[in-house]
Structures are given as structure tokens and as C-alpha cells.
Amino acid sequence: MSSLENVFNYRPSLLEGVSYIHIQRHIPGYVPGRAMSTHNEQTTGESARLSGPETPLPAALSSSQGKSLSSSPGNQPPQAPRGTLRRVGKRRYLLPLFLLVVLTLGLVQVASAITRANMHLLVRIGDVQESDLDLNQSLPISPYLFGSNVFPKAGSDSQDQQGSGFMRYDAGIVAGLRSARIRLLRFPGGEWGEEHTLSSSQLDDFSQLLQVTGADGLMQSQLSNPSQQDTLATRASRAGLLVDYMNNPKSIQRASATTPYHPVKYWTVGNEPDRLKNPDTGATFTATEYAQAFIQYSIAMHQNDPTIKVFGPEISQFYGAGLGPYDSAHNLWMETFLQIVSRYEQSHPNTKYHLLDGVSFHRYPLDNASQATNLLLNSTGEWNDLISSLRQSIRQDFGHDLPVAVTEVNTNPKGDVPPPDYAALWWADTLGKLMNQQVEYAAFFSTQGVDAPYPLFTARDGQQTVMLRIMQLFAHLQADYIATSSENDSVSLYATQDDAHNMVSMLLINKEMNTEIVHVRPNSGLLPLSAWHAQDVTLKGHSLVLLTLHRNGTNEAYTFSPAQATLGDPTPGIRHTICGQQSEVLTITC
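In C-alpha cells:
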């Protein structure tokens, strides 16, 4: 056996402990300090190891792929290049960083889903696409949106006629107004205030009514002159004295210090001047004449109490900007009034109060509502254009917004009333539209004393009507309004919430005779995470449901069906259901 064969055909026992460098020295052609040349110039960088008997060394050596073998003692393998170590180190940190990013994004998505589920609700009415209720977007509802017209106390005497008062002020009326949370009472209500002159006793009765109901007053000063021929300046001065009597507890007009006292902050000049005769001309007021009278009245009234708010023009109808009504000179009533008053204010910039603090009008959509019932229910959509166009006119003339006050509103002005259920549905949808348009003041016509159009209480015995039921339903809404985008024409949806986002109340009004299914659920996506409980509602024809969701709590509903009225029960009650506590299923599926 040659010496080379002795080198490669070794036994472990003979070479155990022999260093790699010693083996190299027995290989022919090896020169210390120079790299060996092989046919393959690439190397894997691994050190050759001796393994088992009869293992040929060239195979082990060939794994070095032609790179120089280390000549350092200790049998240490060659180190990887520095750039390679850097890349390996970076890779070690990239994977944890990637995982951290993925985890963070996942947590953000989960948190976003939880927030969306807690602050967004989806509502689907029938087969219409779901609408989103964004609880992050809401506006406060004016408490004075819920008002009513009241008249002088029954049996009381005015200055010109004994026993001219005709409205009950008894405990039943007071309790009913409080149950509906009526916050604004307009007095003396309608044309009576132009035909009669209030006495001090009637004023005291009204102050007492404000105290016991917890409401604020909206008083109309007398624009006409039924008893004697006085000048405009004298009539305006009388209006100022009326403010002094109501708002000054030390007024010399008061009989004693014990006289009922409740200051009145909101005032109007006259009632429906577009239908009223001007005492100075004997003809119906024009818009220009009324605007000039309004300016004198407002100055005299503010001089007795600069803190009051005076509204006008109190016209009998308003159809929208540019649509009328017109006066006898063919001038637009609303636009002419706003232009004249705004110009006066602009020419008197040093005045310490505004002459006009709110823009007021009356609205009765139909003259005869007894036959055009479907037209009546469809008329509620007019409020969107009517109010928005009025606000635009106000901004153009005054350069800023003014509150809007609808100081008389009902289905029609006289006796041609619709069926009670149609009237109730119309009133609910109208109130919802006024709420949606952020109207600040509204006064239903009327509380009690007349039976047409439908009042809140019957004239004969003061029984509650379906119109009061609507006001009582609205009393269960929350303080802030949430805009909705429901596209269902037969069912109206109005949503509210409290300031803390703990309760969401939705009023559903079915204006058709067909039953509709309403689905309410949190917008939680695929994650079953929400503080709100889903709810299905079966909404019967011509009925209303006020559904309230409690965060992390049970759902409840108030149900009213005006179509169920009978001769024996002309005013059905409102039914209350709490999910899980009542076995009788009404119109809500718990």
C-alpha cells in the first residue's frame, strides 16, 4: 500500500486526535501557507470531519469546494463573511417585527370593530337596504319643539266681555300636559286675542297655569284695536305695558305682591296679520304695514324688558321661500317682512337688542282634510324644503341664523277633519320632520276648548285624544336627534339618544295598512361584540312603535295603534313592553 493509500485508508483508532493540519501535510503537493487547488473552486465553508472507518477523505475534503483551508490550530471552521452575518442578524429581527405589525393591525381592527358595534346601529325596514345610525353624530332637540296653544280660563272675564274664557285649567288638563312634557304654551291662542282684550285676572290665571305645568309662555300682543280707535304708537305702548305686567313683579299695574307671577320670555306681535284689518286703514294689513308696526311694537316691548324674545310675522300660512303667501300689493309676505326689519336693524347698529329674535308662521297643509287622507299623510315631506328655504332667506337678509317658530300647526284650520288615525299619524310624522329640521319652537293648535281641528283634550269633558297620545310618545324620546337615511316611503324612522350614549330610542311610524318587519342590529361586522342587543319589530298597519335600546341592558317599546279606536274607547292607550318581562307579545318580538 502506498503512502497515499495509508493516508486515506485509515482507522479511527490510529488517527484519533490527529489535527486536520497534520493530515494536510501528508497529502502530496501540499505546501504550507498556500491553498490547495482542486477541480471545483467553490466551497461550502465547512471543515472536513473524520467520520467512521473506510470513509474516503477526498469526499470530505471536496466539500470545501476549493476554498483555502484554515491553517490555524484548534481545528476551527472558517467564519462567514461579515456582510452575511449582517443579513442573518437583520432576518432575526424582521420576523418578530413583522409579527408585531400583524398583531397591532389585528388589534386595531378588533378595536375598530368593537367601537363600530357600540356606536353604529343598522336598521332595515322591510326589504329596503339597511340604514346606518351613527351615534357619534347627533344634535340636541329643542325642548320648545313640544308646545301647544292655550286659551283664557273657562268662565273668566276679559276687559270687553264677561265669561269669554273657554278652556279648562283643571287637574286632568294639567296632568295630561305634564305627561306629554309640554314645555311651551302660546296664549291667548289664535284669533281670540285679536277679538278680545285680556284682563288682569286672565293674565294671572295664565301665570298660574305656567307654574303648575312647568312650561314657559309664548304670548301674543294685540295688533288690532277692537274697542276704540287708538294710534299705532298707543297700541305699541299698550303692548309694552303688557310685558311690564307679566315680567315685572313690582309693576304698579299689579294689585298685590301675592298675585301669581311667572315671567314670559317669548312674545309675538299680533295673530295672522295677513288676515287682519289694519286699524289705521280699515283694509287688510300689507306686509310693509305690518313690518312697520312690528318695529314700533318690538321697541316698546323691549324697553320694558330687554331680555325678551319677539317673533314675527305670525302669518296664517307659509309655503316656502318665494312661494307665498302674497299681500294685496302682490308682495311676498315673509320675504318683504324680513327685508324691512333687517334693513332697520342694520341702520341702527347701536341698539342693545334685536328687534326680531325668531321667525314665526302658522301651517295647516289642507283646508279640507276629511277626504284627502292620503294627500295629508304625504304632505309631511314639505317641511324639508320649506324650513331649509326659510333659513336661507333669513341668512341672506340678516347675515346670520334666527330661530324658526311654527306657532300654530294642525291638519286643517276648520271643521273638515280627517279620520282620527290619519290625523294622529300625520301629527307624529310632522313632529318628526320638524325635529329633523331642527325647528326651535312649535305650538300645536290646540289644547282644549274646541273640537275641530282635533285638540289634545276634548272640549266637552276634557278627555285625552289621539293627538295627545302622539305627544306622550314623543315624551319618551331622548334629548339628542340622530340623522337617518331610511328610504322606506311607507314607514318613517326618527332616532334619538341620550347625552351619555346609553339609550337609543327609535320612533317607527307605519303610514300604510300593510304590516312591516323592522330589524335593528349593531353594526359589528363578523365579530359578535356589542353593547346593544339586536331587535326585530313587527309594525302593524297604521301603528307606531317607540323602541328603546339600553346599552348592556334590555330593550323596551311603547306601542300605539290609533286605528284601534272605537266608540267605546275613542283613545286607545299606549302599551309598554319590556323584553323578557312580559309574556304578551304586542308589536315587538323580544
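Residue 1 is where the sequence shown starts when you use UniProt numbering, and the numbers rise one by one after that.
All C-beta atoms, glycine included, are put in the ideal place defined by N, C-alpha and C.
Source: prediction; values computed, not measured.
In the same chain as alanine 372, and ignoring 5 residues on each side of it, the C-beta atoms closer than 7 Å to its own belong to Leu366, in chain order. Straight across, the Cα-Cα distance linking leucine 386 with tyrosine 319 is about 6 Å. A Cβ-Cβ distance of about 6 Å is found for the pair glycine 189 and valine 150, placing them in contact under the 8 Å criterion. Judged by their CB atoms, leucine 355 and tyrosine 344 are nearer to each other than the 8 Å cut-off. Glutamine 535: not part of any alpha helix (DSSP H); member of the beta strand (DSSP E) spanning 535-539, first to last residue.
DSSP, read as helix, strand or coil, puts glycine 214 in coil. In this structure, DSSP gives proline 143 a helical state, which the three-state scheme calls helix.
Residue range 287-304 is occupied by the alpha helix (DSSP H) that includes histidine 302.
Listed in chain order, the non-local C-beta contacts of tyrosine 441 below 6 Å within the same chain comprise Tyr144 and Ala405, local neighbours out to five positions each way being set aside.
No residue range can be given for threonine 380, since it is assigned to no beta strand (DSSP E) and is classified by DSSP as neither H nor E. With a minimum length of 4 residues, there is no unbroken run of alpha helix (DSSP H) contained wholly in the segment 394-433. For alanine 239, the enclosing alpha helix (DSSP H) has its first and last residue at 232-247. When C-alpha distances from alanine 565 are compared across Thr380, Gln464, His501 and Pro522, the shortest belongs to Gln464. Leucine 94 has its alpha-carbon roughly 53 Å from the corresponding atom of tyrosine 494. At the C-beta level, lysine 265 and lysine 309 come within 8 Å of one another. With distances taken between CA atoms, threonine 307 lies nearest to Val243 out of Val243, Gln296 and Thr288.
In the three-state scheme derived from DSSP, where H, G and I count as helix and E and B as strand, valine 439 is classed as coil. In the three-state DSSP reduction, phenylalanine 98 falls in the helix class (H, G or I). According to the DSSP assignment, glutamine 478 belongs to no alpha helix (DSSP H), since it is labelled neither H nor E. The count of Cβ pairs closer than 8 Å, one atom from the segment 162-176 and one from the segment 387-407, stays below three, leaving the stretches out of contact. With a cutoff of 8 Å on beta-carbon distance, threonine 577 and glycine 541 are scored as not near each other. Isoleucine 578: member of the beta strand (DSSP E) spanning 575-578, first to last residue.
Minimum Cα-Cα distance from phenylalanine 457 among the listed residues Leu121, Lys153 and Leu177 corresponds to Leu177. At a cut-off of 4 residues, the continuous stretches assigned as alpha helix (DSSP H) that sit fully inside the segment 117-198 are 171-179 and 192-195. The straight-line gap separating the alpha-carbon atoms of asparagine 304 and tyrosine 353 is approximately 12 Å. The beta carbons of methionine 334 and glycine 240 sit no closer together than 8 Å.
In the DSSP assignment, glutamate 516 falls within the beta strand (DSSP E) that extends over 516-522. Less than 8 Å divides the Cβ of proline 455 from the Cβ of methionine 467.
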